[in-house]
Amino acid sequence: MIFILYGAQWLPAALPLSALLVAQFFGVAFGMNWELFVLRGETGRQARYEVARLVLGVPIFVIGCLFSILAAALVAGVAVTVLTQIFGRHHIGFRVSLAQWRPITTFGLQMMSVSGVAMITGKLSDLLLGRILGVAALGLYGRASNLSGIIFENLYGTVTRVVFVQLSKDYREGGDWRGTYLRSFAMITAFMWPFLIGLVLYYPHVRRLAQLDRYAIPKVYRDSGILTVMAVLPALVTMIVYDWSPRTPLPVVAGVGILGIALWFGTIIVMRHPLHDEMLIVWRRFRKTRAVV
Numbered sequence: 059m060i061f062i063l064y065g066a067q068w069l070p071a072a073l074p075l076s077a078l079l080v081a082q083f084f085g086v087a088f089g090m091n092w093e094l095f096v097l098r099g100e101t102g103r104q105a106r107y108e109v110a111r112l113v114l115g116v117p118i119f120v121i122g123c124l125f126s127i128l129a130a131a132l133v134a135g136v137a138v139t140v141l142t143q144i145f146g147r148h149h150i151g152f153r154v155s156l157a158q159w160r161p162i163t164t165f166g167l168q169m170m171s172v173s174g175v176a177m178i179t180g181k182l183s184d185l186l187l188g189r190i191l192g193v194a195a196l197g198l199y200g201r202a203s204n205l206s207g208i209i210f211e212n213l214y215g216t217v218t219r220v221v222f223v224q225l226s227k228d229y230r231e232g233g234d235w236r237g238t239y240l241r242s243f244a245m246i247t248a249f250m251w252p253f254l255i256g257l258v259l260y261y262p263h264v265r266r267l268a269q270l271d272r273y274a275i276p277k278v279y280r281d282s283g284i285l286t287v288m289a290v291l292p293a294l295v296t297m298i299v300y301d302w303s304p305r306t307p308l309p310v311v312a313g314v315g316i317l318g319i320a321l322w323f324g325t326i327i328v329m330r331h332p333l334h335d336e337m338l339i340v341w342r343r344f345r346k347t348r349a350v351v
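Position one of the sequence shown corresponds to residue 59 (the numbering used here), numbered consecutively onward.
Structure representation (structure tokens):
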């Protein structure tokens, strides 16, 4: 396909990239074990996995971005696959068997028909865009798509994994999952819509950040990572102490949440984060408004 659209001059560069893309599918095959214990409702193991994935995955992806986006995605995929095998090792098995081969084959063909068509359509659209706009424009488009993928993977993707566990539990216990679905859908849209629209409104600032030097974005990740650790550390310690139990006392949960918010604000002040300047501006305007009234 690359030969037809772009000519033979791009084949030497396209072949190594194609090999790296194929390598990602092996990680997906091994990572399927994670879905087994997610669907069985092992929420404690799932929560520990998500924490480890975010703590390790984001720095690994940032380091990989210093080389290339594809290298970052490949290295991050390998890291996630290793974490999957660590946390889901009691589900790992490589025994060759024909047990339940018919439903497995049916499910595999259904997944291939859905995801395969979507993947082929996406790749063809990328190739056509590159043919029409040029390879440089296609590279910029790919980087922008990866940024949106990071946002959805770390926000929407994390939430939906938890929702899927509860939906499967409701289905097994009674078959009625409508209430859980509607409640989850309401919470996700209530959070994602303001976030995405706000990102569009702040587009000039986002574009200015994208035009900084190559080491500026990792610094932003570093500062945001420190703020995240300080905000969630009390909750992480509390859930480890209570063994990730859903029956953790609500006063403890509320107190830990308040402590996390306080640590988050304190870290912003100590680091002189840009949010600190914004909060000072808002506070001064608020005081000025009160003085006028």
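For each residue, glycine too, the CB sits at the ideal point set by N, CA and C. Treat the numbers as computed from the prediction; the structure is a model and nothing was measured.
- A direct Cα-to-Cα measurement between threonine 306 and isoleucine 162 gives close to 39 Å.
- Inclusion of alanine 293 and valine 314 in the CB contact set at 7 Å is warranted, their separation being smaller than that value.
- Between the region 312 to 327 and the region 284 to 301 there are three or more inter-stretch CB-CB distances shorter than 8 Å, so the stretches are counted as touching.
- Contact annotation: the region 237 to 253 touches the region 209 to 229, with at least three C-beta pairs closer than 8 Å.
- In terms of Cβ geometry, leucine 182 and glycine 188 do not form a close pair [threshold 7 Å].
- Residues of the same chain with their beta carbon placed closer than 6 Å to that of valine 154 are lacking, with the five preceding and five following residues left out of the count.
- Methionine 297 sits buried, since 16 or more C-beta atoms from the chains shown fall within 10 Å of its C-beta.
- Taken through DSSP and simplified to helix, strand or coil, arginine 330 comes out as coil.
- Boundaries of the alpha helix (DSSP H) around glycine 215: 214 to 231.
- In the three-state DSSP reduction, proline 252 falls in the helix class (H, G or I).
- Residue environment for threonine 139: buried (at least 16 other C-beta atoms within 10 angstroms of its C-beta).
- The residue among Leu321, Val278, Asn212 and His331 with its C-alpha nearest the C-alpha of valine 290 is Leu321.
- Under the DSSP assignment, alanine 176 falls in the alpha helix (DSSP H) whose first and last residues are 175 to 191.
- For leucine 156, no alpha helix (DSSP H) run applies, since DSSP gives it neither H nor E.
- Setting aside the 5 residues that flank it on each side, tyrosine 199 is surrounded in the same chain by Leu187, each with a C-beta closer than 7 Å to its C-beta; the list follows chain order.
- Taking serine 303 as the centre and dropping the five residues before and after it, the same chain places no C-beta closer than 7 Å to its C-beta.
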